[in-house]
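These notes are about the structure you will find just below.
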Amino acid sequence: MALHIDDLPAAIRRAKQELRERLPNYQAVFAEVESAMQEEAHRIAQLRDRGEPVIPEIAFADIVGNRVSAEQIALVKARGACVIRKVFDRSLVAQWDNDIADYVERNDLDRKLLHRAEDKYFGQLASSKPQIYGVYWSKPQVLARQSPELTQARVFLNRLWRTESEGRVHFDPNHVPVYADRLRRRPPGSESLGLSAHCDGGSVERWIEANFRKVYRHVFSGNWRDYDAFDAAWRTEVEEIPSPAVCSMFRTFQGWTALTQQGPGDGTLQLVPIANAMVYILLRALQDDVADDDLCGAMPGRALSIKPEYHAPLFHALSSIPLMQPGDTVFWHSDVIHAVEDAHRGKGYSNVMYIASAPFCAKNDAYLARQLPSFLEGRSPPDFPTDHFEVDFTGRATVDDLTPLGRAQIGMKT
Numbered sequence: 139m140a141l142h143i144d145d146l147p148a149a150i151r152r153a154k155q156e157l158r159e160r161l162p163n164y165q166a167v168f169a170e171v172e173s174a175m176q177e178e179a180h181r182i183a184q185l186r187d188r189g190e191p192v193i194p195e196i197a198f199a200d201i202v203g204n205r206v207s208a209e210q211i212a213l214v215k216a217r218g219a220c221v222i223r224k225v226f227d228r229s230l231v232a233q234w235d236n237d238i239a240d241y242v243e244r245n246d247l248d249r250k251l252l253h254r255a256e257d258k259y260f261g262q263l264a265s266s267k268p269q270i271y272g273v274y275w276s277k278p279q280v281l282a283r284q285s286p287e288l289t290q291a292r293v294f295l296n297r298l299w300r301t302e303s304e305g306r307v308h309f310d311p312n313h314v315p316v317y318a319d320r321l322r323r324r325p326p327g328s329e330s331l332g333l334s335a336h337c338d339g340g341s342v343e344r345w346i347e348a349n350f351r352k353v354y355r356h357v358f359s360g361n362w363r364d365y366d367a368f369d370a371a372w373r374t375e376v377e378e379i380p381s382p383a384v385c386s387m388f389r390t391f392q393g394w395t396a397l398t399q400q401g402p403g404d405g406t407l408q409l410v411p412i413a414n415a416m417v418y419i420l421l422r423a424l425q426d427d428v429a430d431d432d433l434c435g436a437m438p439g440r441a442l443s444i445k446p447e448y449h450a451p452l453f454h455a456l457s458s459i460p461l462m463q464p465g466d467t468v469f470w471h472s473d474v475i476h477a478v479e480d481a482h483r484g485k486g487y488s489n490v491m492y493i494a495s496a497p498f499c500a501k502n503d504a505y506l507a508r509q510l511p512s513f514l515e516g517r518s519p520p521d522f523p524t525d526h527f528e529v530d531f532t533g534r535a536t537v538d539d540l541t542p543l544g545r546a547q548i549g550m551k552t
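Following the numbering used here, the numbering of the sequence shown begins with 139 at its first residue and continues without gaps.
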């Protein structure tokens, strides 16, 4: 279901009043949180500045061989992110990258992009126009999503979550539905085409909507140390404000697959690798220096912007992901702060396929029913701007390209 709010300033004022009344010592609690976050961000910055890795890395072969250690899993859950190496063979990914380039050029996409629908989702961010293509149904994207390799990696990630709590089973981690997303194709030398720091998966809803408040029940009660970012309770029942650019699926992890080599300085991904940084964000908006009808600049139907004037301590931990090779993947928790470097100073294209990890649940099954006609007709999926570029594209993936696993993942019942 969708959340509809007629008078947003009034709703924000009411929500903040209720949350403050339930947590009368909100200032003291936030002071604790701020101290803890400053310490963690400083520790991560020290590691990063010494050249040590701050984003955990896992070999896909270790997932296959069930050799991922408890220590590795604990670190992934603390940082809220990981790189999974060598999910795909480099030669296969190189072919996919060439096939996508051919698909884009053959169908004259660059000319059509001049007439694309406006994507307002990133409109409030200081940097807001990454070179993201509204392409969802190229054969490489469809083949990657339905691949046994990426499916196994995403099942592993889904299983990091507490799927049963509060006396309920929240989702099935072993079935991975398709959430069709876009491509990034970024040429070298591009400037100011990044994305400033933000979170996806809800903006003002996190404070206002009833099930979001239940997700963050320990935070809003002041027992913030009991908050578990990987507890799925209520996550699959939250309601978002309708928008043509907000994800309405529950994603355990956002993610992308590298199609080319890329690393720091190549206009790539940056993360604040603190899984529970949302605790700081939520309580920061309740402090007295933020206007009663404001949530640190959060806007409905947009990315949740993370701003230096409100969230300065977290920026100390903002770190570029490590050098990625074709076939490597990176995943980050759906609440983790992320950004994209403004400048691409590398020598080659910085190309990725956005492919997230999501589990089976009623919320996601409902989205599959809405998304399936988009695949069959080549239209843009429901969560995205209505460009519908691929309706008449030559070489678009069709039902004939789906394996039995792919048919199940995209919601085909037979």
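Every residue gets a Cβ at the ideal spot worked out from N, C-alpha and C, and that includes glycine.
As the crow flies, the alpha-carbon of ASP432 is around 12 angstroms from that of TYR448. With 16 or more other CB atoms across the displayed protein chains lying within 10 angstroms of its CB, SER443 is buried. Under the DSSP assignment, ASN312 falls outside any alpha helix (DSSP H); it carries neither an H nor an E label. Cβ-Cβ distances below 8 angstroms link LEU421 to TYR164, VAL167, PHE168, VAL171, VAL357 and TRP362 in the same chain, with the five nearest sequence neighbours on each side left out; the list follows chain order. If the five residues before and after ARG508 are omitted, its C-beta is found closer than 7 angstroms to the C-beta atoms of PRO520, all from its own chain and listed in chain order.
Under the rule that a run must span 4 or more residues, the alpha helix (DSSP H) segments found entirely inside the stretch 420 to 459 read 446 to 453. Bounds of the alpha helix (DSSP H) holding GLU159 are 146 to 160. Counting along the chain, the unbroken alpha helix (DSSP H) around PHE168 starts and ends at 164 to 187. If you look at PHE469, you'll find it isn't in any alpha helix (DSSP H); it sits in the beta strand (DSSP E) that goes 467 to 471. Judged by DSSP secondary structure, ALA208 falls within the alpha helix (DSSP H) whose first and last residues are 208 to 217. Only residues of its own chain outside the window of five on either side were considered, and among them PRO194 and ILE196 have a CB closer than 7 angstroms to the CB of GLN210, listed in chain order. Going by C-alpha positions, MET387 is about 10 angstroms away from VAL376.
The C-beta distance from GLY401 to PRO460 rounds to 6 angstroms, short enough to fall under 8 angstroms. In summary, SER488 is buried, with 16 or more beta-carbon neighbours lying within 10 Å of its beta-carbon over all protein chains present.
Annotation: the continuous alpha helix (DSSP H) that includes ALA199 extends over 198 to 202. By the Cβ neighbour-count rule, GLY544 is buried, with 16 or more other Cβ atoms within 10 Å of its own. Between the stretch 367 to 374 and the stretch 300 to 308 there are three or more C-beta pairs closer than 8 angstroms, enough to call the two in contact. It is roughly 18 angstroms from the alpha-carbon of GLY549 to the alpha-carbon of GLN290. Sorting PHE309, PRO380 and PRO315 by C-alpha distance to the C-alpha of SER285 places PRO315 at the top. Between the stretch 335 to 355 and the stretch 139 to 157 there are three or more inter-stretch CB-CB distances shorter than 8 angstroms, so the stretches are counted as touching. By the C-beta density criterion, VAL202 is exposed, having fewer than 16 other C-beta atoms within 10 angstroms. Closest by C-alpha distance to ASP430, out of ARG151, GLY484 and ASP145, is ARG151.
Cβ contact annotation for ASN502 (same chain, cutoff 7 angstroms, sequence separation greater than five): PRO315, MET387, PHE388 and ALA496, in chain order. Checking the DSSP bridge columns, you'll see ASN489 partnered with ARG323.
Taking 8 angstroms as the upper bound for CB-CB distance, ALA423 and TRP345 are in contact here, some 7 angstroms apart. According to DSSP, TYR418 shares a beta bridge with no other residue.
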